[in-house]
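**Student:** Chains as they are written, first to last, in the working numbering: chain A, 1 to 111; chain B, 1001 to 1111.
Yeah, the Cβ is synthetic: ideal placement off N, Cα and C, and Gly gets one too.
Note that this is a predicted model, so its numbers are computed, not measured.
There are 2 protein chains.
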Amino acid sequence: MPQTALPQEAVFKALADPTRREILALLRQGRQPAGAIAGRFPVSRPAISKHLRLLREAKLVVEAREGRARLYQLNPAPLKSVDDWIAAYRRYWRTQLGNLRHFVETQTDEA
Amino acid sequence: MPQTALPQEAVFKALADPTRREILALLRQGRQPAGAIAGRFPVSRPAISKHLRLLREAKLVVEAREGRARLYQLNPAPLKSVDDWIAAYRRYWRTQLGNLRHFVETQTDEA
DNA sequence: AAAACGCGTAACCATACGGTTACGTAATTG
DNA sequence: CAATTACGTAACCGTATGGTTACGCGTTTT
Chain A
1 MPQTALPQEA
11 VFKALADPTR
21 REILALLRQG
31 RQPAGAIAGR
41 FPVSRPAISK
51 HLRLLREAKL
61 VVEAREGRAR
71 LYQLNPAPLK
81 SVDDWIAAYR
91 RYWRTQLGNL
101 RHFVETQTDE
111 A
Chain B
1001 MPQTALPQEA
1011 VFKALADPTR
1021 REILALLRQG
1031 RQPAGAIAGR
1041 FPVSRPAISK
1051 HLRLLREAKL
1061 VVEAREGRAR
1071 LYQLNPAPLK
1081 SVDDWIAAYR
1091 RYWRTQLGNL
1101 RHFVETQTDE
1111 A
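1. Going along the chain, which unbroken runs of the alpha helix (DSSP H) with 4 or more residues stay wholly within the stretch 59 to 93 of chain A?
2. Once the 5 residues before and after residue 27 of chain A are set aside, which same chain residues still bring their CB inside 7 Å of it?
3. Straight-line CA distance for residue 67 of chain A to residue 1015 of chain B?
4. For my contact list, residue 10 of chain A and residue 58 of chain A are in at a C-beta cut-off of 8 Å; report their separation, rounded to the angstrom.
5. If you pair each beta-carbon of the stretch 27 to 39 of chain A with each one of the stretch 1028 to 1041 of chain B, do three or more pairs fall below 8 Å?
6. Reducing DSSP to helix, strand and coil, say where residue 1033 of chain B ends up.
7. Around the C-beta of residue 45 of chain A, are 16 or more other C-beta atoms found within 10 angstroms, so that it is buried, or is it exposed?
8. Determine whether the Cβ of residue 61 of chain A lies closer than 8 Å to any Cβ atom of chain B.
9. Listed in chain order, which residues of the stretch 71 to 92 of chain A have Cβ atoms closer than 8 Å to some Cβ of chain B?
10. Just to make sure I have the definition right: I need the residues of chain A whose C-beta is within less than 9 Å of the C-beta of residue 1069 of chain B. Which are they?
11. Under 8 Å Cβ to Cβ from residue 1090 of chain B, same chain only, skipping five residues before and after it: list those, please.
12. Within the 8 Å Cβ cut-off, does residue 1050 of chain B reach chain A?
13. Closer than 8 Å between beta carbons: that is the criterion. Which residues of the stretch 1026 to 1043 of chain B meet it against chain A?
14. When the distance is taken between beta carbons, is residue 94 of chain A closer than 8 Å to residue 55 of chain A?
15. Hey, out of A:22, A:84 and A:86, whose CA is closest to residue 43 of chain A's CA?
16. Considering only residues of the same chain and omitting the five flanking positions on each side of residue 49 of chain A, which have a CB-CB separation below 8 Å?
17. What residues from chain A crowd round residue 1007 of chain B, counting only those whose CB sits closer than 9 Å?
18. I'd like to know whether the C-beta of residue 15 of chain A is nearer than 8 Å to at least one C-beta of chain B.
19. Between residue 1051 of chain B and residue 1041 of chain B, what straight-line distance do the alpha-carbon atoms span, to the nearest angstrom?
20. For a test of the three-state rule: what should DSSP assign to residue 28 of chain A, helix, strand or coil?
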């Protein structure tokens, strides 16, 4: 049982949650202790702690223990693999977009 | 109840599943009927049908009914919003801000 | 040394998710 | 016009997910 699938898989999963994306955005301002991060969100500290664990497993953040504090720092490297994934589609929204506009407009928008 | 959160949210959620990412990759080759898509994966047709619904709601694919077939086509436009999101991090992995060497060293070797 | 702090983990709960089988429906075919 | 085809949807099931409260453990503080 592979507890950790492909690294890329963990990254996409981690990014799927809006709170985790906000944590990443917050960490762009610099390292922050776990408690300070939790203080920014309307959920409990343990909830944030679990989000941080997922982000750690995806290697999107790294932790440094400093005294009794745990500082979290952004590690954007894994985002590069997402960037690479998207690259394969980039040419499509440049070339086929005009084609598709007609297609989209003729659809009855449900959902 | 908000039936559809932010569009970007739906996109990130849609991309979180590996099967859905594979469906998108498959559709880069061109439109395909739902059945043909399902035939490519080791899961049942209804399972794929549900994946397609999520992709539709995220507007990553568009459907065209042609007779009794339903052709699905890639719509890469929503990926642009992901691309834009990543852009905010791109500079981090390009500049020294993304360099964690110092960070890691201070973690193992204090004093 | 005891108290307080900072943070992760365990246990638990409700809902979401991905899968299945059974069925419904619109379009084609014989 | 009945049978078949190509789908989506409904109902159901086990597991994952995100939240909570209770607790434990190492680190400061007093």
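**Tutor:** Looking at the atomic coordinates:
1. none
2. 61, 72, 73 and 74
3. 39 Å
4. 4 Å
5. no
6. strand
7. exposed
8. no
9. 73, 74, 75, 76, 77, 79, 80, 82, 83, 85, 86, 88, 89, 90 and 92
10. Within chain A, no residue comes near residue 1069 of chain B; the closest Cβ sits about 15 Å away, beyond 9 Å.
11. none
12. no
13. 1028
14. no
15. A:22
16. 34 and 38
17. Those within 9 Å of residue 1007 of chain B in chain A number zero; the least Cβ separation is about 11 Å.
18. yes
19. 12 Å
20. coil
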